[in-house]
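Trainee:
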Amino acid sequence: TFTPSGGSAIAFSAVITQLGYNTTNPRYSAIYRLLNPPSGTTGTITITFSGSVSNGIMAGAGNFKGVDQANPFDTPVGTNGNSSTASIDVTGLSGNELVFDNVFLGAGSNSYTLTVGAGQTQLWNPTYVANLREAASIEQATSPSVTMSWAIANQANYWAIAAVPINPAPAGTTFTIT
1043 TFTPSGGSAI AFSAVITQLG YNTTNPRYSA IYRLLNPPSG TTGTITITFS
1093 GSVSNGIMAG AGNFKGVDQA NPFDTPVGTN GNSSTASIDV TGLSGNELVF
1143 DNVFLGAGSN SYTLTVGAGQ TQLWNPTYVA NLREAASIEQ ATSPSVTMSW
1193 AIANQANYWA IAAVPINPAP AGTTFTIT
């Protein structure tokens, strides 16, 4: 939830949850949304889990301006693997979307690092915590597809990546005085 200062909690909605390892030792990459949050307001984000968490948690928040409120996203995608590169192709784009991704890495030690792919702008990539790392980035689409990728230093390991194209708000009507 997001609780604006002096206000009531507002629930986020799930966009995509991608399983990253297996169901007995689950790790996830997930994206949630809150459309049209109160402008210019500080507040608190609270994350609540329905069960116990044994493998650590990392979370980040991004705030995007100029998003289409009626149709904010195109189809989200997710995948997982066990390799030295976490990568996903986002296709079917118009070429004007902003693609947001986040990645989970099951890191066996603090020597595992994530390096953002070419053309992406890293939003966060915190320090190693409790056998995991996570990071997020954006890339402006300029064609019908975008590849979001992260290089994993040290050796191959389990990862999950999720991405979603964010649609820009429609251009406003232009009036001309004659």
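First residue of the sequence shown: 1043, per our numbering; consecutive thereafter.
No residue lacks a Cβ here, since even glycine has one placed at the ideal position from N, Cα and C.
Please report the distance separating the alpha-carbon of S1125 from that of N1199.
Mentor: 6 Å
Trainee: Report the residue ranges of all beta strand (DSSP E) runs contained in full by the segment 1074–1144; include only those spanning at least 3 residues, in chain order.
Mentor: Within the segment 1074–1144, the complete beta strand (DSSP E) runs of at least 3 residues are 1085–1087, 1119–1125 and 1127–1133.
Trainee: Would you list the one or two residues that DSSP bridges to A1177?
Mentor: V1145
Trainee: Buried or exposed for Q1197, please, with buried defined as at least 16 other CB atoms from any protein chain shown within 10 angstroms of its CB.
Mentor: exposed
Trainee: Of all the options T1045, Q1182 and R1175, which has the alpha carbon lying nearest to the alpha carbon of G1150?
Mentor: Selected option, being the one with the closest Cα: R1175.
Trainee: Give the straight-line distance between the Cα atoms of T1157 and N1138, rounded to the nearest whole angstrom.
Mentor: Each residue's Cα considered, the two are about 25 Å apart.
Trainee: Verify whether the separation of the beta carbon atoms of L1135 and V1141 is less than 9 Å.
Mentor: yes
Trainee: Do the segment 1100–1119 and the segment 1154–1168 make contact, defined as three or more Cβ pairs closer than 8 Å?
Mentor: The segment 1100–1119 vs the segment 1154–1168: in contact.
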